[in-house]
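Taking my numbering, the leading residue of the sequence shown gets 525, the next gets one more, and so forth. Ideal Cβ positions, reconstructed from N, Cα and C, are used throughout, including at glycine. See below for the structure under consideration.
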Amino acid sequence: MRKRKMTWFLTVAAAIFLIAPDLVATGPESGGQDTNPTERTWTVAVLADLNGPYGSTEYDEHVTRAVEWIRTELEPDLVVVAGDMVAGQREELDYPAMWEAFHDVVTDRLAEAQIPMAVTPGNHDASEQPRFWMERIEFARQWNMRRPHLRFVDDAFYPFHYAFEMGPALFVSLDGTGVGDLDAAQLAWLDGVLEEHSHLELSILLSHVPQYAVAEGRQREIFDDDRLAELLEKHDVDMMISGHHHAYFPARRHGTYLLHAACLGSGPRPLLGDSQRSPRNVAVIRFGSQGIEEVKAFESPEFNTVVDHGELPESVGKGELRIWREDIAVETPDS
């Protein structure tokens, strides 16, 4: 597996920190804390891959209707976005114009409803490839200007990798926009954050690229990082949310719920071994002090039909990369 080269990233990070102080939003931060958390349920809506064609400043009806449904009917405590909010990863695009369009359709609409949004970088809005370093700087600029009011516990590298609390849960965003192993520094940081906040009932990771493949044509576009898998087991991570594969598949492996989010933008893909494209949907997670209570996906564009997990394949992938649907109990996950 390819290792991340950090030199260019540190250069970009230095540029970010030079511009960031004048961009960070001010105001009190909250994490949805409650005076009696044992009696409440938190609701999180999951979005991913909202972008259209390269350079696009327009968003599909599936995106606009999803945002309206979230803000007027679902009214969650939090929206998380698993990357690819704009259609970058091509040089000489108008990055500010793309972000302006995204904020107009998504960010500002949710802000009007006082719904915080936590994002993680994707390959089309903050690619790790050195030639797209300007996109990463623009990503940092945009989200420092619209920093959500959350109870951050580690924001030194916000908005790339960072962590915050909400009720009994720790949320951790990973900077995972490329395939192969995560860099050792980020894995060490993740290990420390999970250890420091192990007193919380839940831990939920957010990444663009997944650990395992679920979609046709994306078999190699994964982490497949044994060290990350070991950390998930070591810290009993409850859930890992990812995008990039443009196909919905709720899986479970060694106790961790692997929520592969569908895309809302262009390019839905079939699950591995299938020929029919995965329908666009919005996943909804509900959790409380006892853990994750339910995960449902509501099909676009009406959002009144729940995806029947029983109609999804029992498993996808092969050999050591095979993962099973979240409701299937297996004694040997690799069998």
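Item to complete: Would you kindly work out how many angstroms separate the C-alpha atoms of VAL830 and GLU818, rounded to a whole number?
Response: Translated into the one-based positions of the sequence shown, residue 830 becomes position 306. Translated into the one-based positions of the sequence shown, residue 818 becomes position 294. Rounded to whole angstroms, VAL830 to GLU818 spans 12 Å at the Cα level.
Discussion item. Please report the straight-line C-alpha distance between ILE852 and ALA687, rounded to a whole angstrom.
Written reply: Residue numbering aside, residue 852 sits at position 328 when the sequence shown is read from its first letter. Residue numbering aside, residue 687 sits at position 163 when the sequence shown is read from its first letter. Approximately 30 Å, taken between the alpha carbons.
Worksheet entry | Three-way DSSP call (helix, strand, coil) for TYR619 in this model | The count along the sequence shown starts at 1 and reaches residue 619 at position 95. Helix at TYR619.
Fill in: Runs of beta strand (DSSP E) lying entirely within the segment 716-771, each at least 3 residues, in chain order
Uninterrupted beta strand (DSSP E) stretches at least 3 residues long and entirely within the segment 716-771 occur at 726-730, 763-766, given in chain order.
Item to complete: Report all residues from its chain with a CB closer than 6 Å to the CB of HIS768; omit the five preceding and five following residues, and keep chain order.
Response: On the sequence shown, residue 768 is found 244 positions in, with the first residue counted as 1. Once the five neighbours on either side are set aside, the close Cβ partners of HIS768 are HIS732, VAL733.
Worksheet item: Which residue from GLU745, LEU795, GLU823 puts its Cα closest to that of VAL587?
Response: Residue mapping note: residue 587 aligns to position 63 of the sequence shown, counting from 1. Of the listed residues, the one whose Cα sits closest to VAL587 is GLU823.
Practice prompt. Below 8 Å on the Cβ atoms is my guess for GLU689 versus LEU730; work out the distance and round it to an integer in Å.
Written response: Here residue 689 refers to the residue found at position 165 when the sequence shown is read from its first residue. Here residue 730 refers to the residue found at position 206 when the sequence shown is read from its first residue. Contact doesn't hold; Cβ gap of about 14 Å is too wide.
Worksheet item: Going along the chain, which residues of its own chain have a beta-carbon closer than 8 Å to the beta-carbon of VAL604, five neighbours each way excluded?
Response: The sequence position of residue 604 within the sequence shown is 80, counting from 1. Hits under 8 Å: VAL568, ALA569, VAL570, LEU571, MET641, ALA642, VAL643, THR644, PHE695, LEU730, ILE765.
Fill in: According to DSSP, residues forming a beta bridge with LYS842
Sequence index remark: in the sequence shown, residue 842 carries index 318 (1-based). DSSP, once it has assigned bridges, lists no residue as partnering LYS842.
Worksheet item: By DSSP, does HIS685 sit in helix, in strand, or in coil?
Response: Translated into the one-based positions of the sequence shown, residue 685 becomes position 161. Strand, per DSSP.
Item to complete: Give the C-beta separation of LEU756 and HIS778 to the nearest angstrom, bearing in mind that I take them to be a contact with Cβ-Cβ under 8 Å.
Response: As a first step, residue 756 is located in the sequence shown; it is residue number 232 there, counting from the start. As a first step, residue 778 is located in the sequence shown; it is residue number 254 there, counting from the start. With a Cβ gap of about 7 Å, LEU756 and HIS778 count as contacting.
Worksheet entry | When HIS673, TYR772, TYR578, GLN653 are compared against LEU783, the one with the closest alpha-carbon | Looking up residue 783 in the sequence shown gives position 259. For the residues HIS673, TYR772, TYR578, GLN653, the minimum Cα distance to LEU783 belongs to TYR772.
Worksheet item: What number of angstroms, rounded off, separates the C-alpha of GLY656 from the C-alpha of GLY646?
Response: Residue mapping note: residue 656 aligns to position 132 of the sequence shown, counting from 1. Residue mapping note: residue 646 aligns to position 122 of the sequence shown, counting from 1. Looking at the sequence shown, residue 656 is not Gly but Phe. C-alpha separation (whole angstroms): 12 Å.
Fill in: Exposure of TYR578, with buried meaning 16 or more beta-carbon neighbours within 10 Å
Against the sequence shown, residue 578 aligns to sequence position 54. Exposed is the call here.
Practice prompt. Determine the contact status of THR701 and GLU745, defining contact as a CB-CB distance below 8 Å.
Written response: Taking the first residue of the sequence shown as 1, we reach residue 701 at position 177. Taking the first residue of the sequence shown as 1, we reach residue 745 at position 221. Using a Cβ distance threshold of 8 Å, THR701 and GLU745 do not count as a contacting pair.
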